[in-house]
Structures are given as C-alpha cells and as structure tokens.
Ligand code: AHR
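Residue numbers (the numbering used here): 204 to 856.
Written out as structure tokens, the structure is:
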C-alpha cells in the first residue's frame, strides 16, 4: 500500500443542498460478534500454471522426463545426435513413481551433442545471481563430462560450468553445482553439452535461483510467496479445486505421492492441461515439487492455518463424474486419516515421524479438513458419512468442511438441507457471479440460521462479462462488488467464519481461467484491484463486528453504499469499511454510541480508480492501489466517500 502523510480536519457541516448528510450510527455498546481469525484466507490451486512455472521456482520444464512426451521441453542443442546416443529408458516395473530417465550412450569422443531446455516460456536470468543446477546421474561407463550453460535470447552463453561425474558405483547419485550469470535475460535457456565417450544416465534436472523464498533449495518464488504473506491470510486452502477431484479418479490428487525426495514424487498430468476451450496447455503437468509438505511449510511461514482438501472418492462431476464403489472407499478414508497424522501426529506415529524426518517435528496444527471439493448429490452424502464416521471417531476435534457443489444451482438446496440435517461442522459455498449479483447479495447471510453449521465461502469471484467467460477482467467494479459482498461476510461473522477468493494465481501466458487474484509472469507479480480489496479487509480484520446502521438498518446497498464496522480489542481501534458503488461522491456523518473520545485519530485507506473498468496491468500496475492517509478530527466529522471506492477508517478508540 502506498502511504503518504496528511492531516485532514473535516469539519462537521451541513450539505450544500441544505440537507443533513446521511448518518451512519456506530454502536460501540451493541452486540459484538467475534470475527474468526480465519475469516479472510486464500485458496491455492495448481491452475493457470500456479505451481510448476509459478510458485515452484524451478526454471526447468520436465526435468524428470516424465511427461507423456518425455522430451517435451527439451530439444537438441546442435543438430540431431546420432541414432542411439540419446534415449529415454522406461523402467516402469522397477520404479513406478519415476520410471523414465535419459540415457546418453556416446561411442565417440567428438563434442557437439547436447540438449536445450526451454523453461516455461524462457527462463528469467539475472546478472550476478547464482543458480543451482542439480541432477541425478548414474554411469555404467565413465567418460562423459557435462558442460552446462545458460544462453540468453540470442544464444550467447551468460553462465557456464562443467560437471565431471566421478561416481562409478552404478548407483544413482545426486549432484548440484552453482552457476553465476554475467548478464540478464528474460528468455534464457539451459543447455547441457555431453563431451567425451561413455554411458551416462540422467534424471531430475533442475535449475533454481538462489533467491527463493527463505533461500530454501528447491524452494518457492519469493515474490509470489511475499504477495501471499502481505495478505496476512487466516488460512490457506489447498491444493484445489477441481484438481483434487481429477478429470477421472486416476488423475485425482493423492497427497502421499507429493512428499519425500523429489525423485520419489509421482508426476501426473494436470487436470487443466486439457479440456479448456481455446486455452489448451499440453505442457501442463504436476511435478509435485510443490507438494503437501511444502504447502504446510508455507502456511507456517506466512502465519496461516492449513486447510487441506482431500478427494472423497468422486472425480470431477463436470467431467467423468466417476465414483469409487463404497466397498473400495477405505483407501481414500485412510488417506484422510494418515493426512491428519502427518500434519498433527506425534513424532512417534508413522506419519508424524515422516513429517519430522522431512524437517518439521512440531505439528502443523491442522484444524480443518475439506472432504471433497465441488461434489454434490446423494453419492457425495453417502461418502461424506463414511469419511465423517472414521475421522470423527479418531479425531473428534477435526472440523470437516462439506461441499454443496458449485452453488447456487438446483443441487444447492438439496445439499444445504441435507447437510444441515446432518449437523455438519462447516458448509462450503462457491459463488462465481456477476457484479450485480454480488451487489444484490450483500445481505445474503443476514437471515441464515444462527444455530446451524458455520459457513465457509470457499471460492468466490466477480466475473465482469459472464460467468466462466475467458473475457472476464479484474476490473475496479468487480473488486468493489466483492468488497460490498464482503461487508456482508463481516457483518455475519458469527456464522461466516472463513472465505477465499478464487483462483489465486495466473500466469499471463498460460492461464485457463479468468479473473484471478494475482497475475504473474516469469519476473513480475501483478496485484489486481480484487487483491487490494482482500488485503484491505484482511489487514483490517478486527476482533468483533459491531452494529453500524442507517435509520436502524444495516447498510446493504442504500444509495449504493455498503458498510460494516468492527473493533479490535487488542489494538483498541474501531475499523469502518465503506463501499461506494456509485459514480457520485458521498458525504456521510458518523454518530457514535458509547464513544468517549473528543478527537479521533487514525488512518484512512482508500481504493479507487478513474473508472469502473480500471484494471492494473504489467505496464501500469498502480492504476488501482490503496492510498493510506493519516487522519484526525472530531468524532462527528463528515466523511467523504469518493466515487467507486472502498474506504477503510481505523480510529484509536
Ligand atoms: O477456481 C477454479 C475452479 O472453480 C475450481 O477448481 C473449482 O472448484 C471451481 O469450479
């Protein structure tokens, strides 16, 4: 957020048209609804190249040669190598998780045989930055040395090193070596030359910059994780989304395949690789270098509670809608039980020990588990009951998140009614809707049953053109419509305990879905107006919602305004969030019940733009950003809400 300092003295006044301004009555003595720490969270799914080529900082595509086309991402460096020199060996029976590797069998000493890896649309390489190349090798006949180079966009080498594999045991070895770039490029490529004569097996080739998040080897992109940390999210829901379900059950997300040594993680095609009209991404796979341990670790790093979602024995109901028979559901349920043990179990338990061995003996403090993603129908209920029974009898404290499908739709009523009868813990609702829908529904939760299950708004986003359209844009209007809706979430914090915008990330060159909270390319992160709305709500959460009324009613669209108020008992502040969804400036007065201060001091944060279609772009990332101003004035000072804006006032009480 941009911060500038100014002191405004707003003087109580009568409007120029002679009418007293609309008053919002803040009641500091009124009913306080606790706001859950988890109210504003995030939802990560590996869609839009979110993981490989995104959060996972590895610059190499298909370094394990496990894609269906094992040489996808690779091409000869200088003409085709003689037949038989470079082959892919598939040892399926011996190593089902990582069957393929590259074998180099060179009969002649002659040089000039090599491979280029194109990265994810090129590699961003920075002058002076060090890069760690790592690989696994095995040599039966020693004699081949490797020259590793990074080429810039014109083919000029900007980094170079050599590797002489010296182990001859016939066992796989790991080797890492650093290269430092002497120039910068946004379209770099990795080149490996094979010199000498011999026979060498290669696998698991990766190239990571040294400036990953927390400088971890094989780590995450620091700028992307930072953008998440800046949201101060209460939780991270992961790993999806439809990706949990898979197009069919074979492609479902299996967390056990995603932990441990990288070469033991079982690569799988990404669900978003195919089936999205006009946006095919044939090179979209899941290497699982970003696996469940990394997700939990990232949650820890950014102070968010982990919220894993597990397959419930059903694949995506928009695709094959496969279900596993009830008599084969045990494996799926066991995965859920083992996941809880992995996250929370003592180091003496089987899965707790695995977590400790991976470097995290302390439990991850998992409180919630999502059973299924967007699943619905009696088949879901049947499976949910089996999961619930097993999980609750072993882990009664675990809160289960249950699905209503892709609400609102005809199935929603059945799901909602049935889940309420079952007295489930938390109901997950998803809303991808138009600006108008969000503006019209800010009072949606005002009449929900206060004694029923808690509500998790697991996925929502405002779609500017049409739901699911590839022309949707992250406009200011969409962000404000979401903000208007979010005032309703805060006002109903007694039942709405969690929410997350969706999807989180999208690569500008490789997306399947729009809009998204954060766009990125290989070197930049772009925060949308919706991102700033999330940040303004989350960074100004407060501990309790308190009443703020206009003529005795919550402000849910009167004169296009949407308002909510909270207090923060720790910092002793009042926080008022106001959305003006109209083209006119609005003047309001605040009346206080229970306030003693003669003078108020604090900050005003305003998010606005020049027009409702304003967006942030890579070229102009700051078109719509929040501006923070210091403020002091009398309690009854008039406040002004700019056209199309979100304003957050924060006063010391
Ligand atoms: O967020 C994109 C997709 O929308 C998710 O994968 C799915 O849960 C929903 O349909």
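No residue lacks a Cβ here, since even glycine has one placed at the ideal position from N, Cα and C.
Q. Does any C-beta atom of chain D lie closer than 8 Å to the C-beta of residue 676?
A. In summary, chain D is missing from the structure at hand, where a single protein chain is found.
Q | Length of the line joining the Cα atoms of residue 497 and residue 317 | A | If you number the chain shown from 1, residue 497 lands on position 294. If you number the chain shown from 1, residue 317 lands on position 114. Distance between the alpha carbons of residue 497 and residue 317: 33 Å.
Q.
Give me, in chain order, the residues of the same chain whose beta-carbon lies closer than 6 Å to that of residue 303; leave out the 5 immediate sequence neighbours on both sides.
A. Here residue 303 refers to the residue found at position 100 when the chain shown is read from its first residue. Correct list, in chain order: 268, 269, 273, 291 and 293.
Q.
Beta-carbon distances below 7 Å to any heavy atom of the ligand AHR define the shell here; list its residues in chain order, please.
A. 248, 250, 443, 444, 445, 446, 576, 577, 609, 633, 635, 662, 705, 706 and 716
Q.
Closest to residue 753 by C-alpha separation, out of 229, 405 and 625, would be which residue?
A. As a working note, residue 753 is residue 550 in the chain shown. It is 229.
Q | residue 453 versus 464, 461 and 472, residue with shortest Cα-Cα distance | A | By one-based count along the chain shown, residue 453 stands at place 250. When each option's Cα is compared against that of residue 453, the closest is 472.
Q. Are residue 232 and residue 797 touching if we call contact CB-CB under 8 Å?
A. Residue mapping note: residue 232 aligns to position 29 of the chain shown, counting from 1. Residue mapping note: residue 797 aligns to position 594 of the chain shown, counting from 1. Cβ distance < 8 Å, so residue 232 and residue 797 count as in contact.
Q. Considering only the beta carbon of each residue, do residue 829 and residue 809 sit closer than 8 Å?
A. Along the chain shown, one-based indexing puts residue 829 at 626. Along the chain shown, one-based indexing puts residue 809 at 606. Residue 829 is a Cβ neighbour of residue 809, given a cutoff of 8 Å.
(Q) In this structure, how does DSSP classify residue 457 when only helix, strand and coil are distinguished? (A) Reading the chain shown from its first residue, position 254 is the one you call residue 457. Looking at residue 457 - three-state DSSP - the assignment turns out to be coil, as it is neither helix nor strand.
Q: Evaluate the contact criterion for the region 324-332 versus the region 363-372: three or more CB pairs, one atom per stretch, below 8 Å.
A: no
Q.
Measuring only the C-alpha atoms, how far is residue 849 from residue 405?
A. Against the chain shown, residue 849 aligns to sequence position 646. Against the chain shown, residue 405 aligns to sequence position 202. Whole-angstrom Cα-Cα distance: 55 Å.
Q | Length-filtered (4 minimum) alpha helix (DSSP H) runs lying within the region 330-357 | A | none
Q) Per DSSP, which one or two residues make a beta bridge with residue 848? A) Position 645 of the chain shown, counting from 1, holds the residue named residue 848. In DSSP, residue 848 forms a bridge with 783 and 811.
Q: Identify the continuous beta strand (DSSP E) that holds residue 856 and give its terminal residues.
A: Here residue 856 corresponds to residue number 653 of the chain shown, with the count starting at 1. No beta strand (DSSP E) contains residue 856, which DSSP labels as neither H nor E.
(Q) Taking 8 Å as the threshold (C-beta atoms), are residue 708 and residue 259 in contact? (A) Translated into positions along the chain shown, residue 259 becomes position 56. Translated into positions along the chain shown, residue 708 becomes position 505. Going by C-beta atoms, residue 259 is not nearer than 8 Å to residue 708.
Q: Could you tell me if residue 811 is buried or exposed, where buried requires 16 or more neighbouring beta carbons within 10 angstroms of its beta carbon?
A: The residue given as residue 811 occupies position 608 in the chain shown. Residue 811 is classed as buried because its beta carbon has at least 16 other beta carbons within 10 Å across all chains shown.
Q. Less than 8 Å separating the beta-carbons of residue 602 and residue 629?
A. To locate residue 602, count along the chain shown from 1; it is residue 399. To locate residue 629, count along the chain shown from 1; it is residue 426. Less than 8 Å divides the Cβ of residue 602 from the Cβ of residue 629.
Q: Counting only the same chain and skipping the five closest in sequence on each side, list residues whose C-beta sits under 8 Å from that of residue 820.
A: Walking along the chain shown from the start, residue 820 turns up at place 617. Excluding residues within five positions, the ones whose Cβ falls inside 8 Å are 729 and 826.
Q) Quick one: is residue 836 buried, meaning 16 or more other Cβ sit within 10 Å of its Cβ, or exposed? A) Your numbering for residue 836 matches position 633 in the chain shown. With 16 or more other Cβ atoms within 10 Å, it is buried.
Q | C-alpha gap between residue 573 and residue 801, whole angstroms | A | Here the question's residue 573 lines up with position 370 in the chain shown. Here the question's residue 801 lines up with position 598 in the chain shown. Each residue's Cα considered, the two are about 48 Å apart.
(Q) Using the three-state DSSP reduction, which class does residue 689 fall into: helix, strand or coil? (A) Counting from 1 along the chain shown, the entry for residue 689 is found at position 486. Helix.
Q.
Can you tell me whether residue 365 is helix, strand or coil according to DSSP?
A. Here residue 365 corresponds to residue number 162 of the chain shown, with the count starting at 1. Here residue 365 sits in strand by DSSP.
Q.
Need the endpoints of the alpha helix (DSSP H) that residue 606 sits in, please.
A. Start at 1 with the first residue of the chain shown, and residue 606 comes out as number 403. Looking at the DSSP string, residue 606 is not in any alpha helix (DSSP H); the run it does join, the beta strand (DSSP E), is 602-606.
Q.
Considering Cα atoms alone, identify which of 681, 311 and 409 is closest to residue 382.
A. The residue labelled residue 382 in the question sits at position 179 within the chain shown. Ranking the options by Cα distance to residue 382, first place goes to 409.
Q: Answer with buried or exposed for residue 299, where buried requires no fewer than 16 other C-beta atoms within 10 angstroms of its C-beta.
A: As a working mapping, residue 299 is identified with position 96 in the chain shown. Exposed, by the Cβ-count rule.
Q: Starting from residue 535, trace the alpha helix (DSSP H) both ways and give me its first and last residue.
A: Taking the chain shown and counting its residues from 1, one reaches residue 535 at position 332. Here the alpha helix (DSSP H) through residue 535 covers 533-547.
Q: Indicate, with yes or no, if the ligand MN has a heavy atom lying under 7 Å from the CB of residue 318.
A: The model on display carries the ligand AHR but not the ligand MN.
Q: Could you check what DSSP says for residue 497 in three-state terms: helix, strand or coil?
A: Locating residue 497 in the chain shown gives position 294, where the first residue counts as 1. Assigned with DSSP and collapsed to three states, residue 497 falls in helix.
Q | Top-ranked residue by Cα proximity to residue 655, from 697, 723 and 589 | A | Here residue 655 refers to the residue found at position 452 of the chain shown. Nearest C-alpha to residue 655: 697.
Q: Output the residue ranges of the alpha helix (DSSP H) runs that lie fully inside the region 364-448 and measure 4 residues or longer, sorted by chain position.
A: 425-432 and 445-448
Q. In angstroms, rounded to a whole number, what distance separates the CA positions of residue 584 and residue 818?
A. For the purposes of this step, residue 584 is taken as residue 381 along the chain shown, with counting starting at 1. For the purposes of this step, residue 818 is taken as residue 615 along the chain shown, with counting starting at 1. The straight-line gap from Cα to Cα measures roughly 41 Å.
Q) Quick one: is residue 520 buried, meaning 16 or more other Cβ sit within 10 Å of its Cβ, or exposed? A) Working through the chain shown from its first residue, we reach residue 520 at position 317. Under a 10 Å Cβ-count criterion, residue 520 is classified as buried, with 16 or more other Cβ atoms of the shown protein chains found around its own Cβ.
Q) Helix, strand or coil for residue 624 per DSSP? A) To locate residue 624, count along the chain shown from 1; it is residue 421. Of the three classes helix, strand and coil, the one that applies to residue 624 here is helix, per DSSP.
Q | Euclidean distance between Cα positions of residue 370 and residue 282 | A | Here the question's residue 370 lines up with position 167 in the chain shown. Here the question's residue 282 lines up with position 79 in the chain shown. Rounded to the nearest angstrom, the two C-alpha atoms are 30 Å apart.
Q. When the distance is taken between beta carbons, is residue 394 closer than 8 Å to residue 347?
A. Locating residue 347 in the chain shown gives position 144, where the first residue counts as 1. Locating residue 394 in the chain shown gives position 191, where the first residue counts as 1. Not closer than 8 Å, so no.
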